[in-house]
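These notes concern the structure reproduced below.
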Amino acid sequence: DNIRPGVDTLTLDMKAEKLIADSGARPAFKGYTVPGVPKPFPGTLCISINDEVVHGIPSEDRVLEEGDIVSIDVGVRIDGFYGDAAYTFPVGRISPEREALLKVTRECLERAISVAREGATLGDVGHAVESWAAPRGYGIVRNYAGHGIGRNLHEAPQIPNFGVPGRGITLKKGMSLAIEPMIMTGKEEVRTLKDRWTVVTADGSDAAHFEKTIVITGNDPEVITPWE
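In our numbering, the protein residues as written are 47 to 274.
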């Protein structure tokens, strides 16, 4: 109900911050610093609209409009551990092209999680994304990747959304991973805006982003940040 035309992204951010605090957790992104970027990230959520890929800054000036797609990326810390998740929502009724982008990106995540088993490799996971998105005409964001997660928000290894089956490190029981396909309708190029945070597609094409945190087990991976 919160994702609707006329709502500004700062309002969404404030609601999320209260919900996180009421749950006994704290935001993982707010105050996050990156070497070379002068200001910490100011928001609880990363909110990215249409051609914005990731790390969009919440603002009262950014108002959702009918037909937009908006990625909500949230990280929390509770009991000394981090979790990370993202979901791209339609705002009202969206175009068939945007519907298709959301569907394929979500399917990429589902396929990646399905192969993330003990004994598989990072190449297997990345290939699951690439082999689903690329033949359907979509571009893959190659500058940003999923990551290990646990006592820190970002840990080794990096988890690219492309790869060669059988290559890369082998997944072991107990590993916790944030898997996050970032898929776009245009060319595989991105740029960062003057705010030094917001990443957009270089050609203005649409982008979608879905993410879950999982733990590798002896059987199916356990999803510890379900969307429901």
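All C-beta atoms in this analysis are idealised placements derived from N, C-alpha and C, irrespective of residue type, glycine included.
Residue state for Ser177 is assigned as helix, using DSSP reduced to three classes. A distance below 8 Å separates the beta carbons of Pro104 and Leu56.
Annotation for Val150: the continuous alpha helix (DSSP H) segment containing it runs Pro142 to Val161. Under the three-state reduction of DSSP output, Val187 falls in the coil class, being neither helix nor strand. In this structure the region 261-268 touches the region 212-221; the number of beta carbon pairs closer than 8 Å is three or more. For Lys233, the closest of Leu199, Leu65 and Ala179 by C-alpha to C-alpha distance is Ala179. Listed in chain order, the non-local C-beta contacts of Arg108 below 8 Å within the same chain comprise Asp54, Thr55, Leu56, Ile93, Ile95 and Gly102, local neighbours out to five positions each way being set aside. Restricting attention to beta strand (DSSP E) runs no shorter than 3 residues, the region 218-252 encloses them at 222-225, 228-230, 236-238 and 245-247, ordered along the chain. For Glu98, the uninterrupted beta strand (DSSP E) segment begins and ends at Glu98 to Val100. Residue range Thr55 to Asp68 is occupied by the alpha helix (DSSP H) that includes Lys64.
Nearest to Trp243 by alpha-carbon distance, out of Ser69, Leu91 and Pro73, is Leu91. For Val83, no beta strand (DSSP E) encloses it, and the DSSP letter there is neither H nor E.
Taking a C-beta distance under 8 Å as the contact criterion, Glu226 and His255 qualify as a contact pair.
Within the DSSP bridge table, the entry for Ile195 names no partner. Of all C-beta pairs linking the region 187-195 to the region 143-151, fewer than three are shorter than 8 Å, placing the two stretches out of contact. Two segments are said to touch when three or more pairs of C-beta atoms, one from each, lie closer than 8 Å; by this definition the region 198-207 does not touch the region 60-67. Judged by DSSP in its simplified three-state form, Asp119 adopts strand.
Straight across, the Cα-Cα distance linking Ser251 with Glu143 is about 11 Å. Here the alpha carbon of Tyr133 sits roughly 18 Å from the alpha carbon of Glu268. By the Cβ rule, the region 153-168 does not count as touching the region 73-80, because fewer than three pairs are nearer than 8 Å.
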